[in-house]
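Asks:
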Amino acid sequence: MSNITIKCFHEKTLFGNEQTGFTIASYKTEDGSNIPVEAHSKYQPSDGLIAFSAVGNRLPTAKGAEIELTGKWETGKYGLQLSVKSSVINRPQTPEGIIAYLSSDLIKGIGEQTARAIVSRFGVVTLDVFDKEPQRLLEVSGITETKLATIMEGYKESVGVRDIMTACAVYGITPKKAEKILAVYGAQAAEIIKSNPYALCQINGFGFKTIDEMAKKSGISPDNPQRVSEGIIFALSQSQQSGHLYLSSDELCKEAMELLAEKKGKKGKEEDVEKQRAEEVTHKALVQKTILNLVLEARLQEESGRIYLPRNYTAEYETAKLIKTMIRATPVRAGINLDDAVSQAELSQGINLATQQREAVKMVVTNNFSIITGGPGTGKTTVIKALLAVYQAVVGGKVAFAAPTGRASRRLSESVGADAATLHSVLGLGVSDSGAGEGMSQAKRLIDADMLVIDETSMIDMHLAHQLFKSLNTKTRVVFVGDDNQLPSVGAGNVLRELLLCGVVPVTKLNVVHRQAQTSRINTNAHTILNNGSSLIYGADFQLVETETPEEAAEQVKEIYLSATKQQGDNGKAYGVNGVQILAPMRAKGKCCTEFLNKEIQEILNPKTEGKPEITVGFKKFRLFDKVMQTKNKDDVSNGDVGRIHSITKDKGGDYQVTIDFGGERRAVYNLEEMETVDLAYATTIHKSQGSEYPIVIIPVLTEAFILLQRNLIYTAITRAKTKVILIGQKKALYMAIHKAEMAHRNTVLGNLVNNLA
């Protein structure tokens, strides 16, 4: 069957996955000659047009604009649908079409009432007026000079967006992404993308693999210079997911060659094998030459054989220099005996500090930058409380508290009895959406404090550290508090460990578990695991439920989870879903991954019922009262914050709005697109649990997750629990995790730089 082209209008999006771009949408058309009867949608619109559904990559959804869809009719799971190969947004020709276009989401500044007034005055030549005589719009009642400027700004932007979407139809560009392209490349955007589609790779939200697949279909050769350049940069950026700040030249060449390689058939004759080897040698030479050119063009940074993305190089080297300037002793007030001040703090707070704890307090007040590290039960919180009293007595000044996540900052605030904030809010940071691909925006303020105490510092990645040290006043001293045996940061780098090992930053390591913490099997077993011990002590607060298969483990996880939510805590109230957390190693693989467990538990605890609001976002379903987690920073909601869906409503325009209650009078409103950054949170990954604490933690431990099973992973998981740990799975898998101590290497030289920079 040959391709057909249908002129139509977007009606509604039935399904959309932002990550893959796959879209199912309903469209309506005046011309039904190309629409088979069996393709007619079950629910037809009231305006007399014929509705049908279409599937494809990032289908256009601009309201009111005429769209041309080109593709073939194919029978799928939901009947006959148009499988779209390409799409174009057209300039409307009829009065009603022009009204819809002007009042659509493509043009800011014009509502339906204003659009009707404009078209009533100028008719079918309205858009010619916009293009050639925009001042005539002042003839329309209600349009002032100020409003005209706003309207024309929105119209010019919409024209640019439309041209980009037409030029890039094969790439499935949405209006929002077209706006990003326009912001980066301006009026020449469409021509730039036509001549070099790989230019899209320099804009946040456009993946190399997707663009590469489309570009190759349009005939671009495998050794195209732009393709090779962007492939190299993409390979280097992908290494950040493994925590690397750089790759060696050889590592980068290897990774890029694998990414750029064309798939070969089976090896045949000897001469074919030799030809393939010759091609690989030629290809390697091309990649090596391109890496050199990218360095010369300053798109990559080279230092002693290490190849960085420029922002990673800047972050590591500038942070090292800033830390180097901070490492100095600081005097206490004249005439004050430091030991007496510590003793006075003990007396006033009714505590007795151990030798290590006393040394930690003294170290902080006599150094401008220092680190306190230790595991559970070693008294880090006690040290911080004593430090406050001693600091005010011997130095004096404003003390601020912070942590990398909202959950960690609230825990710190509860522990020390003082206000604490996230580092992002302290620094005025947000997540950049400028399209520049930098990820994090620049810090907007200096830190207003004489001493800054930061907890859970194992979670700080290189870029956050860079923004932190850039934002310090010269007088501000910094205290890092953390547990270096936990998982390293999700972002690239290994800041805490590098600073601990560099040998020049003052460090106190607390390694004595204090009497009040020794009664907890959780603390005892955590330290046993750190010492490579597998003779764990089991009892009421630390349990192992053995299963043979992943399927059996998943059933046990669900059963025990539901039972635990009904159990009562010391306050006489049931723990509920907020007090019990499943922590799984894997996000999307196996029967005990978070995605599978979340769907299963949702259907048990919060099933679909008549009258209960529900929305679908990609492959995820959300219902009223679901427990959810934010996965990116948003306004005053931090990555990792957990809340409950408070309401799901529709606004006047028919668009969904979801309100999530994060507790403490913190509520955030999301549209459907923003809900892409939200996950169900009955189960979450161990990585996402860092900085959190829950009364009861349930941990599936299975050999199917062997890639992730390691000591710091299982240690991090069990130390999230305050009251009880329940391990479910195979004892063999637990022992594998305990005895696998080697941490995945991360390419970073921060510690070496701090130690050796002049």
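For the working numbering, add 757 to where a residue sits in the sequence shown, where the first one is 1.
Cβ atoms here follow ideal geometry from the backbone N, Cα and C, with glycine treated the same way.
(1) By Cβ distance, which residues of its chain are closer than 6 Å to K1481, with the 5 residues on each side in sequence left out?
(2) Tell whether a beta-carbon distance below 9 Å holds between L1180 and N1469.
(3) Which of the three DSSP states, helix, strand or coil, is assigned to T1473?
(4) For T786 and H797, what's the separation of their Cα atoms in angstroms?
(5) Let me know the secondary structure DSSP gives E1223 once reduced to three states.
(6) Are the beta-carbon atoms of A1159 and V1121 separated by less than 9 Å?
(7) Leaving out five residues on either side along the sequence, give the residues of the same chain with a beta carbon under 6 Å from the beta carbon of M1493.
(8) Starting from G1284, trace the alpha helix (DSSP H) both ways and give me its first and last residue.
(9) By how many angstroms is the C-alpha of L1049 removed from the C-alpha of K1023?
(10) Output the distance between the C-alpha atoms of E1012 and Q995, rounded to the nearest integer angstrom.
(11) Between the stretch 1003-1010 and the stretch 1059-1068, can you find at least three pairs of beta-carbon atoms closer than 8 Å?
(12) Buried or exposed: S844, going by 16 or more other Cβ atoms within 10 Å of its Cβ?
(13) For E1255 and A1206, I'd like the C-alpha separation in whole angstroms.
(14) Taking the beta carbon of R1090 as the centre, do at least 16 other beta carbons fall within 10 Å, making it buried, or is it exposed?
(15) Between V1394 and F1419, what straight-line distance do the alpha-carbon atoms span, to the nearest angstrom?
(16) Taking S844 as part of the alpha helix (DSSP H), name the residues at either end of that continuous run.
(17) From Q1338 to T1322, what distance separates their C-alpha atoms?
(18) For E730, which of helix, strand or coil comes out of DSSP?
(19) Opposite D1418 in the DSSP bridges: which residues?
(20) Can you tell me whether I990 is buried or exposed? The criterion is at least 16 other CB atoms within 10 Å of its CB, across all chains shown.
(21) What did DSSP end up calling N1355 once you bin it into helix, strand or coil?
(22) For Q1300 and F1353, I'd like the C-alpha separation in whole angstroms.
(23) For G1290, tell me which candidate among I1129, D1383, K1497 has the shortest Cα-Cα distance.
(24) Should G1400 be counted as a contact of the ligand HEM given a C-beta to heavy atom distance under 8 Å?
(25) Would L1186 pass as a contact of Q1199 if the rule is Cβ separation under 9 Å?
(26) In chain order, what residues of the same chain have a beta carbon less than 7 Å from the beta carbon of Y1295, not counting five sequence neighbours either side?
(27) Among S803, R1344, N1280, T1112, which residue has its Cα nearest to the Cα of Y1472?
(28) Is the beta carbon of Y912 sitting closer than 9 Å to the one on I864?
(29) Helix or strand or just coil, what does DSSP make of M1208?
(30) Under DSSP, the alpha helix (DSSP H) around N1335 begins and ends at which residues?
(31) Are A1474 and I1456 closer than 9 Å when you measure CB to CB?
(32) Can you round the beta-carbon distance between V1270 and G1134 to whole angstroms, since I take them to be within the 8 Å contact cut?
(33) Please determine, among A1425, L1429, H1403, I1402, the residue with the shortest C-alpha to C-alpha distance to G1411.
(34) When the Cα atoms are used, what is the spatial distance from Q1325 to L1484?
(35) So what does N1328 bridge to, in DSSP terms?
(36) With a Cβ-Cβ cutoff of 9 Å, do L713 and E914 count as a contact?
Replies: By the coordinates alone:
(1) D1298, I1453
(2) no
(3) helix
(4) 11 Å
(5) In the sequence as presented, Glu is not what sits at residue 1223; that position holds His. It is helical.
(6) no
(7) L1466
(8) For clarity, residue 1284 is His in the given sequence; the question names Gly instead. Its alpha helix (DSSP H) spans residues 1278-1287.
(9) In this prediction, K1023 has a pLDDT of 49, which is less than 50 and means its spatial position is unreliable; what the coordinates show is noted afterwards. Their backbone Cα atoms lie some 33 Å apart in a straight line.
(10) For E1012 and Q995, the distance between alpha carbons rounds to 10 Å.
(11) With three or more CB-CB distances shorter than 8 Å, the stretch 1059-1068 counts as touching the stretch 1003-1010.
(12) buried
(13) 25 Å
(14) Per the 10 Å Cβ criterion, exposed.
(15) 8 Å
(16) Per DSSP, S844 belongs to no alpha helix (DSSP H); it is in the beta strand (DSSP E), 836-847.
(17) So the two alpha carbons sit approximately 9 Å from each other.
(18) This structure cannot settle anything about residue 730, because the visible part of the chain is limited to 758 through 1515.
(19) R1401, R1424
(20) buried
(21) If DSSP states are grouped into helix, strand and coil, N1355 belongs with the helices.
(22) So the alpha carbons of these two residues sit roughly 23 Å apart.
(23) K1497
(24) In terms of ligand content, the structure shown is empty, and the ligand HEM therefore cannot be addressed.
(25) yes
(26) L1301
(27) N1280
(28) yes
(29) strand
(30) 1333-1336
(31) yes
(32) 4 Å
(33) Nearest to G1411 by C-alpha distance, out of A1425, L1429, H1403, I1402, is L1429.
(34) 20 Å
(35) The partner list for N1328 (beta bridge, DSSP) is empty, contrary to what the question assumes.
(36) For the chain, the structure presents residues 758 to 1515; residue 713 sits outside this window and is missing.
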